[in-house]
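Heads up, the sequence shown is in the working numbering, so the first residue is 73 and it goes up one at a time.
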Amino acid sequence: MIDPLSKKQLILIRHAKSAWESNVSDDYNRPLAPRGINDLNAMAHWLTHQITNIDLILSSSATRAKQTTVQLCHAANLNTAKIRWQKSLYHANVTTLLSHIHQAPATVRQLMLVGHNPGLDELLMQLCNNPPPRTQNGKLLTTAAIAILTLPDGWQTLQPHTCHLAQLMRPKQLTAH
């Protein structure tokens, strides 16, 4: 388990697998697929052994991100009252993602950010002090993947290439055991 008192932690979560075959007319309202829900349950179990308390959860308000956030919170016994829905996180770029992180109150020790690619991949690459590991086919944050980063300082002073990647877990890694 990561020591929550040592430094601030940023938990990046890409939304779970969505249902491309759904009957919704636009990407924003696309729901999770059954596989996405199954992946989230496994990831939530893993997450409960990695963190102690999430102080703030910022989530895209797109349907699949909302479902990911709520399902993960319920399965990992996280307080849903700590969720702040942000439409601006829907397909946000690195600049927007960093802006949200920089605005986190100094009292927040563990911040969870739930969003979309390619923005989350780019953010992870920009923040890590060493290149994060990719899958065999070159992917970084697959659907429902969770990256836990340790920050050297506070949210407002976060700079590129200064974070330590403490954990990166993907659903397929859990099912491979």
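Even for Gly, the Cβ is constructed at its ideal location relative to N, Cα and C.
Problem set entry | In DSSP terms, what threonine 222 is bridged to | For threonine 222, which the question treats as bridged, DSSP gives the partners Gln81 and His236.
Exercise. Between Asp99, Leu223, Leu195 and His174, which lies nearest to threonine 135 when the distance is taken from Cα to Cα?
Worked result: Closest by alpha carbon: Asp99.
For this session: Just list the alpha helix (DSSP H) runs in the segment 103-176, keeping only unbroken ones of 4 residues or longer that don't cross its boundaries, in chain order.
Result: Within the segment 103-176, the complete alpha helix (DSSP H) runs of at least 4 residues are 106-120, 135-147 and 166-174.
Exercise. Going by DSSP, which residues form a beta bridge with methionine 197?
Worked result: Methionine 197 pairs with nothing; no bridge assigned.
Exercise. For tryptophan 227 versus alanine 153, is the C-beta distance shorter than 9 Å?
Worked result: Not in contact: tryptophan 227 and alanine 153 (Cβ atoms no closer than 9 Å).
Problem set entry | Cutoff 8 Å; reference histidine 214; Cβ partners in own chain excluding five residues on either side | One detail in the question is off: residue 214 reads as threonine in this sequence, not histidine. The beta carbon of threonine 214 lies closer than 8 Å to those of Arg86, Thr207, Arg242, Pro243 and Lys244 in the same chain, with the five residues before and after it left out.
Problem set entry | Cβ-Cβ distance between histidine 188 and serine 132 below 9 Å | A distance below 9 Å separates the beta carbons of histidine 188 and serine 132.
Exercise. For isoleucine 74, which residues from the same chain have a beta carbon less than 8 Å from its beta carbon, with the 5 sequence-adjacent residues on both sides left out?
Worked result: Annotation note: pLDDT 44 at isoleucine 74 (below 50); position unreliable, no value reported.
Exercise. Taking C-alpha atoms, which residue in Leu183, Ala137, Leu169 and Leu112 lies nearest to alanine 148?
Worked result: Considering only alpha carbons, the answer is Leu112.
Problem set entry | Cβ-based neighbour list, leucine 196, same chain, cut-off 7 Å, excluding 5 preceding and 5 following | Hits under 7 Å: Leu84, Pro204, Leu212, Leu213 and Ala219.
Problem set entry | Beta bridge counterpart(s) of leucine 183 as assigned by DSSP | Looking at the DSSP output, leucine 183 sits in a beta bridge with Leu82 and Leu128.
Exercise. At what residues does the alpha helix (DSSP H) containing leucine 246 begin and finish?
Worked result: It spans 243-247 - the alpha helix (DSSP H) in which leucine 246 sits, taken as one unbroken run.
Exercise. Taking C-alpha atoms, which residue in Val166, Ser160 and Gly191 lies nearest to glutamine 231?
Worked result: The candidate whose alpha carbon is nearest that of glutamine 231 is Val166.
Exercise. For serine 90, which beta-bridge partners are listed by DSSP?
Worked result: In the DSSP secondary-structure assignment, serine 90 is bridged to Leu104.
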